[in-house]
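For our numbering, count along the sequence shown from 1 and bump the result up by 877.
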Amino acid sequence: MRELKQIKAQEIFSTNHVIKFFDDESYAKELFRTGEMLFRPIKSFKESKQPGRGDAGEGKVNQHFSLYCKKDKDDLFEKVVDITAIHLDVNRPIYCYSRLTGRNFHPNGAIYINPQMINDFSSGKQTFCAVLDKTLFEKKILEFLNAHDIAATIANIKYSDDDVDKEIIMQTLSGDSDLAYFHKSKAYKEQQERRIIIDENIDSLIERGVGEKFNDGIKFYIGDLSKVGCIAKPMFFNLTKRYISAAD
878 MRELKQIKAQ
888 EIFSTNHVIK
898 FFDDESYAKE
908 LFRTGEMLFR
918 PIKSFKESKQ
928 PGRGDAGEGK
938 VNQHFSLYCK
948 KDKDDLFEKV
958 VDITAIHLDV
968 NRPIYCYSRL
978 TGRNFHPNGA
988 IYINPQMIND
998 FSSGKQTFCA
1008 VLDKTLFEKK
1018 ILEFLNAHDI
1028 AATIANIKYS
1038 DDDVDKEIIM
1048 QTLSGDSDLA
1058 YFHKSKAYKE
1068 QQERRIIIDE
1078 NIDSLIERGV
1088 GEKFNDGIKF
1098 YIGDLSKVGC
1108 IAKPMFFNLT
1118 KRYISAAD
């Protein structure tokens, strides 16, 4: 694991990297040392009061249905739109992180993180970021999931205030798809979230001897990640000079 200290951004970053925010440096270091990943049930994000991380809309999708009702005794029909809120299973465990896209890289070699993303995920001076090679990170995740026969979906969040496609909702409710879980309001679009959702509840995983119960979530240890990323404070990003400096 390398810390950001006078390293040219283009030497270690690309659009194939992802970023994860932690409330304390020790959590970021544990991710690199043992591959510790804390999966929380969706309801913990739904119920959270922390701005940015909490989202009351988690596990809920809307679908508009248009009905045509006959008006009184005449032959005219009136269009009535019924907005139906469909609630998904909020006990499913998920793990969230964010993508780095082309717009995160400045021509001068610095890396730019949208201030809104930093504001949403930062809890104060102790906040640290883990930046990881997406391909290698997710390869380790998939190897762990496959080794323990855990079904999961990994995908980018789609940010839209439009309805979720009716077919996707039906497939999700029937257990044939998880895509309805990857839909969030445009208000969160700067987070560029990517998430993993497991198709098994936490109690079932614990009963199978997979993972370690932690508060309302479950921890997995996917192995050493020290060669696939680095750690830095959010304040070390968005510099205008060619080098990223981790001064203190």
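For each residue, glycine too, the CB sits at the ideal point set by N, CA and C.
Quantities reported herein were computed from a predicted structural model and do not represent experimental measurements.
Residue interval of the beta strand (DSSP E) (run including residue i)
i: Ser975; result: 970-976
i: Leu908; result: Careful: Leu908 lies outside any beta strand (DSSP E), inside the alpha helix (DSSP H) at 902-911.
i: Ile1108; result: 1106-1109
i: Ile896; result: 894-899
8 Å Cβ cutoff met for residue i and residue j
i: Ile1073; j: Ile1031; result: yes
i: Cys973; j: Ile896; result: no
i: Asn1078; j: Asn991; result: no
i: Ala1029; j: Asp1076; result: yes
i: Gln1048; j: Arg976; result: no
i: Ile1108; j: Ala905; result: yes
i: Lys1035; j: Phe1059; result: yes
i: Glu1067; j: Met994; result: yes
i: Leu1102; j: Leu1022; result: no
i: Asn1033; j: Arg1085; result: no
Delimiting residues of the alpha helix (DSSP H) encompassing residue i
i: Ala1007; result: Per DSSP, Ala1007 belongs to no alpha helix (DSSP H); it is in the beta strand (DSSP E), 1005-1010.
i: Asn1033; result: First-last for Asn1033: 1029-1033, but that is the beta strand (DSSP E), not the alpha helix (DSSP H).
i: Asp997; result: 992-998
For residue j and residue i, believed in contact at Cβ under 8 Å, the rounded distance
i: Thr1004; j: Phe899; result: 7 Å
i: Val1087; j: Ile1018; result: The pair is not a contact, with the Cβ atoms about 14 Å apart (cut-off 8 Å).
i: Ile919; j: Ile1046; result: Not quite, the Cβ-Cβ distance comes to about 16 Å (not below 8 Å), so this is no contact.
i: Phe909; j: Gly1106; result: 7 Å
i: Ala1064; j: Leu965; result: Contact doesn't hold; Cβ gap of about 19 Å is too wide.
i: Ser1037; j: Pro1111; result: The Cβ separation is near 27 Å, so there is no contact.
Counting pairs of Cβ atoms below 8 Å between the stretch 1037-1046 and the stretch 1008-1015, do you hit three or more? no
Which residue spans inside the stretch 1042-1093 form an unbroken alpha helix (DSSP H) run of at least 4? 1043-1050, 1079-1084
Please determine if the stretch 1086-1106 and the stretch 906-922 are in contact, where contact requires at least 3 C-beta pairs separated by less than 8 Å. yes
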